[in-house]
Amino acid sequence: MLLLAALVLTPVIGTAADKPGAKKSVKSSIKTPASETSEPTFTNKPVATHISAAIAALKADPEAGHQINGVCAACHGDSGQGGKKGEYPRLAGQNVEYLMDQLHKFKDRKRTNLPMFPYTEERELPDEDLVHIAAYLASIKLDTSFPVFKESDDALTRLLAVEKVLNIPRSEGDVDVGAKIYKTECSSCHKKDGMGHKTVPMLAGQYTTYLKRQVEKFIKGERIHDVDMKDPSKDVLNLLKPEEIRDILAFLTTLDD
Ligand code: HEC
Ligand code: HEC
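Heads up, the sequence shown is in this note's numbering, so the first residue is 8 and it goes up one at a time.
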């Protein structure tokens, strides 16, 4: 809540650049190739109501967000769809507060991310730009069914369109057992539908390999799952058996069906 309040009070782009010696923001320094200008902007497609309300409250600039995304797209895809089978997580439709919180954590080195290290330095991603990129990504809603192609569509067009469809393949495990454990152990925070809330991330529609990697990081203590917990080794993920985690992940792959 504090974070949100602080962001609402943060001046929007432009004001910072007026200060003497202020670095140019990404908005003015990145040129987007003309071919990318047809990207979705805010309210292009309906997003979950709680997300659109949060985005509206932030007074973010969609065009600035779109331009900053030119940098992120190299790894996360031009619609935030992620890539390389989960090496790069999906960001589209993720909760706006969570995106901002994580970007702050990367910047403050509270969450290690070597591939993204150069892109989160103040010079590349000034604080005043976080709100624009987070709101832009949160506002993207990916299609969940495969497009119908025209005969004239070439192989590349088809490939690019298919990559943007949100369709997580079923992973190995007992979905019913996973659903039960998820309900008792995870849903209080990540919500029944796996969409999370505020700084708790959406898990539904995220790549299984990415989620598994994060669970492993939490268990090893390389990333903190519950910041309020005094002893991270007592975290719920440390108390579950590997088969139980496998079953939860299998259940999560059913949520976008
Ligand atoms: C060079 C590749 C690369 C670029 C460019 C990049 N990222 Fe990432 N990003 C990654 C990788 C890899 C991860 C996953 C790290 C991990 O496994 O913990 C990640 C993770 C994230 C996460 C955490 C997602 C989650 O669910 O917790 C956010 C948010 C994010 N990136 C935002 C951005 C934004 C915004 C940009 C552009 C300003 C950007 N990234 C540019 C590689 C990249
Ligand atoms: C007390 C609330 C809470 C509970 C219960 C909880 N989580 Fe989380 N979870 C969080 C928060 C908060 C984060 C973000 C952590 C951070 O700030 O980096 C998170 C992050 C995650 C992530 C990383 C997602 C990403 O995009 O990087 C995974 C995976 C995850 N949780 C799985 C689970 C599973 C599985 C359970 C149940 C066994 C569970 N969580 C229970 C609060 C919770």
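Even glycine gets a Cβ: it sits at the ideal position worked out from N, Cα and C.
Could you have a look at residue i and say whether DSSP puts it in helix, strand or coil?
i           : result
residue 72  : helix
residue 126 : helix
residue 111 : helix
residue 95  : strand
residue 78  : helix
residue 3   : This structure cannot settle anything about residue 3, because the visible part of the chain is limited to 8 through 264.
residue 258 : helix
residue 19  : For residue 19, the predicted model reports a pLDDT of 39, less than 50, meaning its position is unreliable; a value from the coordinates is still stated below. Correct three-state label for residue 19: coil.
residue 9   : In this prediction, residue 9 scores a pLDDT of 44, lower than 50, which makes its location untrustworthy; no coordinate-derived value is stated.
Does ligand 2 have even one heavy atom less than 7 Å from the beta-carbon of residue i?
i           : result
residue 233 : yes
residue 255 : yes
residue 5   : The question about residue 5 has no answer, for the chain in this structure spans 8 to 264.
residue 94  : no
residue 192 : yes
residue 116 : no
residue 244 : yes
residue 221 : yes
residue 247 : yes
residue 164 : no
residue 208 : yes
residue 177 : no
residue 213 : yes
residue 144 : no
residue 218 : yes
residue 230 : yes
Taking only heavy atoms of ligand 1 into account, decide whether any of them is closer than 7 Å to the Cβ of residue i.
i           : result
residue 110 : yes
residue 149 : no
residue 102 : no
residue 122 : yes
residue 81  : yes
residue 78  : yes
residue 126 : yes
residue 188 : no
residue 65  : no
Within the continuous alpha helix (DSSP H) that includes residue i, where are the two ends?
i           : result
residue 224 : 215-227
residue 2   : This structure leaves residue 2 out entirely; the chain is present only between 8 and 264.
residue 197 : 194-197
Check whether the Cβ of residue i sits closer than 7 Å to any heavy atom of ligand 3, and report yes or no.
i           : result
residue 183 : With respect to ligand 3, the structure shown offers nothing to examine, as its ligands consist of ligand 1 and ligand 2.
Three or more C-beta pairs below 8 Å linking the segment 109-122 and the segment 165-177: Contact fails: fewer than three Cβ-Cβ distances are below 8 Å.
Meets three-Cβ-pair contact criterion under 8 Å: the segment 186-198 and the segment 98-111: Under the three-pair Cβ rule at 8 Å, the segment 186-198 does not count as touching the segment 98-111.
4-residue-minimum alpha helix (DSSP H) runs that sit fully inside the segment 134-189, ordered along the chain: 134-145 and 162-170, all fully within the segment 134-189.
contact_flag[the segment 157-175, the segment 85-95] where n(CB pairs < 8 Å) is 3 or more: Judged by Cβ distances under 8 Å, the segment 157-175 makes contact with the segment 85-95, as three or more pairs qualify.
Three or more C-beta pairs below 8 Å linking the segment 219-231 and the segment 78-87: No, because fewer than three Cβ pairs between the segment 219-231 and the segment 78-87 fall closer than 8 Å, the two stretches do not touch.
Contact between the segment 133-142 and the segment 231-246 (3+ Cβ pairs under 8 Å): Result no; under three Cβ-Cβ pairs closer than 8 Å.
Cβ contact (3+ pairs, closer than 8 Å) linking the segment 147-161 and the segment 238-252: Contact between the segment 147-161 and the segment 238-252 is absent, because fewer than three Cβ pairs lie under 8 Å.
Sufficient close CB pairs (3 or more, under 8 Å) joining the segment 213-225 to the segment 146-153: The segment 213-225 vs the segment 146-153: no contact.
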